[in-house]
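**Student:** Attaching a single structure in structure tokens format; questions to follow.
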Ligand code: KIV
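Right, here's the structure in full:
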């Protein structure tokens, strides 16, 4: 069934109807295709690709050129989902110009919006991008690009003061023109407070149910993340990694046991052609056996077989 393209107006209508948006990460064409077939509303091409796709220890090691490949792949698959391109570390922090140019690169590839991390301190960048006509989603709470400043993977907004700081940051993003903010790793009560303090859309990942939609890292729900990080808020729905490994093992067993390829996996030709080629095989076999016993002399080979020596 083909769905109408989701826009910021569609997302606002979801909120008005109290309908939760279904938001997942994807980094490649097949995953984005399957997500769309399943009816997902929003796709984040996250800089988490550094960890999920490239095996890096944090999100800091992925750059624009690699993100462009992931973004292109997802945008090619996406027909109706709202696609958000995640601006990687140092693609927007240095200057307004860098922010606009890099965000513009994602938009030109087909993204509907970009996401950047931080609150009041990135508000000028958000303003520059929104002034350039680009939809911007903010990201507050556990912001992996500033992991060392946060002291590691820690739940945010656990005290009254830190909850107030999140409200102030969300207000700064709204003021700068962001259409939405993503809240990561915080108590449900804090996320509810932030959502009730602003008019822009509020999405959550590990931020409880009182938000406009839920984001998950697809590898976490699919069960194919390779690594030790297992956030407690994640619900796993499959064991895709185990299934991939099972298929590779079965294939390896078949190849080693000479059970693959079978006749059904071979290109068939008419019997007479097969006989002709078999005759040729016999000639080649005889010539090669003879060659073992004397110096090779290419003049004794039929011309069409010289290349086969
Ligand atoms: O890159 C990403 O997937 C993200 C989520 C963790 C929020 O930014």
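Residue numbers (our numbering): 450 to 758.
C-beta: ideal position from N, C-alpha, C; glycine also.
Every value quoted in this text rests on a predicted model; they were computed, and no experiment measured them.
1. I need the boundaries of the beta strand (DSSP E) containing residue 787, first residue and last residue.
2. Ends of the alpha helix (DSSP H) at residue 496?
3. Per DSSP, residue 531 is paired with what?
4. Under 8 Å, with one C-beta from each stretch per pair, do the segment 531-550 and the segment 695-710 reach the 3-pair mark?
5. Please work out which residues of its chain come closer than 7 Å, Cβ to Cβ, to residue 482, disregarding the five sequence neighbours upstream and downstream, and give them in chain order.
6. Which residue wins for smallest C-alpha separation from residue 462, given the options 623, 661, 702 and 692?
7. Is the CB-CB distance between residue 779 and residue 451 below 9 Å?
8. Assign residue 542 to one of three DSSP states: helix, strand, or coil.
9. Is the beta carbon of residue 686 closer than 9 Å to that of residue 472?
10. Name the DSSP beta bridge partners of residue 470, please?
11. Would DSSP call residue 447 helix, strand or coil?
12. Let's see if you can read the secondary structure: which residues bound the alpha helix (DSSP H) around residue 513?
13. Quick check: residue 539 and residue 555, are their CB atoms within less than 9 Å of each other?
14. Is there contact between the segment 632-649 and the segment 611-624, where contact requires at least three CB pairs shorter than 8 Å?
15. Who are the near neighbours of residue 496 in its chain, counting only those whose CB is closer than 8 Å to its CB and skipping five residues on each side?
16. Does the structure place the segment 578-587 close enough to the segment 597-613 that three or more beta carbon pairs sit under 8 Å?
17. Cα separation between residue 718 and residue 733?
18. What residue from 560, 485, 498 and 589 has the CA that sits closest to residue 457's CA?
19. Looking at residue 640 and residue 632, is the spacing between their C-beta atoms short of 9 Å?
20. What number of angstroms, rounded off, separates the C-alpha of residue 699 from the C-alpha of residue 626?
21. Find out if the Cβ-Cβ distance for the pair residue 599, residue 635 is shorter than 9 Å.
22. Output the distance between the C-alpha atoms of residue 547 and residue 578, rounded to the nearest integer angstrom.
23. Would you list the one or two residues that DSSP bridges to residue 564?
24. Would you call residue 629 buried or exposed, if buried means 16 or more other Cβ atoms sit within 10 Å of its Cβ?
**Tutor:** Based on what the coordinates show:
1. Because the chain spans 450 through 758 in this model, residue 787 falls outside it and cannot be assessed.
2. Sequence index remark: in the chain shown, residue 496 carries index 47 (1-based). Careful: residue 496 lies outside any alpha helix (DSSP H) and carries neither H nor E.
3. Along the chain shown, read from residue 1 onward, the residue named residue 531 stands at position 82. In the DSSP output, where bridge partners are listed per residue, residue 531 has 491.
4. no
5. Within the chain shown, the letter at position 33 stands for residue 482. 526, listed in sequence order.
6. By 1-based counting over the chain shown, the position of residue 462 is 13. For the residues 623, 661, 702 and 692, the minimum Cα distance to residue 462 belongs to 661.
7. The shown model of the chain, from 450 to 758, leaves out residue 779, and the question about it has no answer.
8. Taking the chain shown and counting its residues from 1, the one referred to as residue 542 is at position 93. Reduced to three states, the DSSP call for residue 542 is coil.
9. Against the chain shown, residue 472 aligns to sequence position 23. Against the chain shown, residue 686 aligns to sequence position 237. The answer is no: Cβ separation not under 9 Å.
10. For this step, residue 470 is matched to residue 21 along the chain shown. The partner list for residue 470 (beta bridge, DSSP) reads 662.
11. Given that the chain is displayed from residue 450 to residue 758, the structure contains no residue 447 and the question cannot be resolved.
12. Position 64 of the chain shown, counted from the start, is the residue given in the question as residue 513. Taken as a continuous stretch (DSSP letters only), the alpha helix (DSSP H) holding residue 513 covers 513-526.
13. Position 90 of the chain shown, counted from the first residue, corresponds to residue 539. Position 106 of the chain shown, counted from the first residue, corresponds to residue 555. No; because the gap between Cβ atoms is not below 9 Å, this pair is not in contact.
14. yes
15. The residue given as residue 496 occupies position 47 in the chain shown. These residues qualify, in order along the chain: 508, 511, 516, 535, 536, 537, 538, 593 and 594.
16. no
17. Counting from 1 along the chain shown, the entry for residue 718 is found at position 269. Counting from 1 along the chain shown, the entry for residue 733 is found at position 284. One C-alpha to the other measures close to 20 Å.
18. Position 8 of the chain shown, counted from the start, is the residue given in the question as residue 457. That would be 560, whose Cα lies nearest to the Cα of residue 457.
19. By one-based count along the chain shown, residue 632 stands at place 183. By one-based count along the chain shown, residue 640 stands at place 191. Yes, they are a contact pair.
20. As a first step, residue 699 is located in the chain shown; it is residue number 250 there, counting from the start. As a first step, residue 626 is located in the chain shown; it is residue number 177 there, counting from the start. Distance between the alpha carbons of residue 699 and residue 626 is about 53 Å.
21. As a position in the chain shown, residue 599 is number 150, starting the count at 1. As a position in the chain shown, residue 635 is number 186, starting the count at 1. No, the Cβ-Cβ distance between residue 599 and residue 635 is not below 9 Å.
22. Counting from one through the chain shown, the residue named residue 547 turns up at place 98. Counting from one through the chain shown, the residue named residue 578 turns up at place 129. Roughly 10 Å separates the two Cα atoms.
23. Counting from one through the chain shown, the residue named residue 564 turns up at place 115. Per DSSP, 535 and 586.
24. The count along the chain shown starts at 1 and reaches residue 629 at position 180. Answer is buried; the Cβ neighbour count reaches 16.
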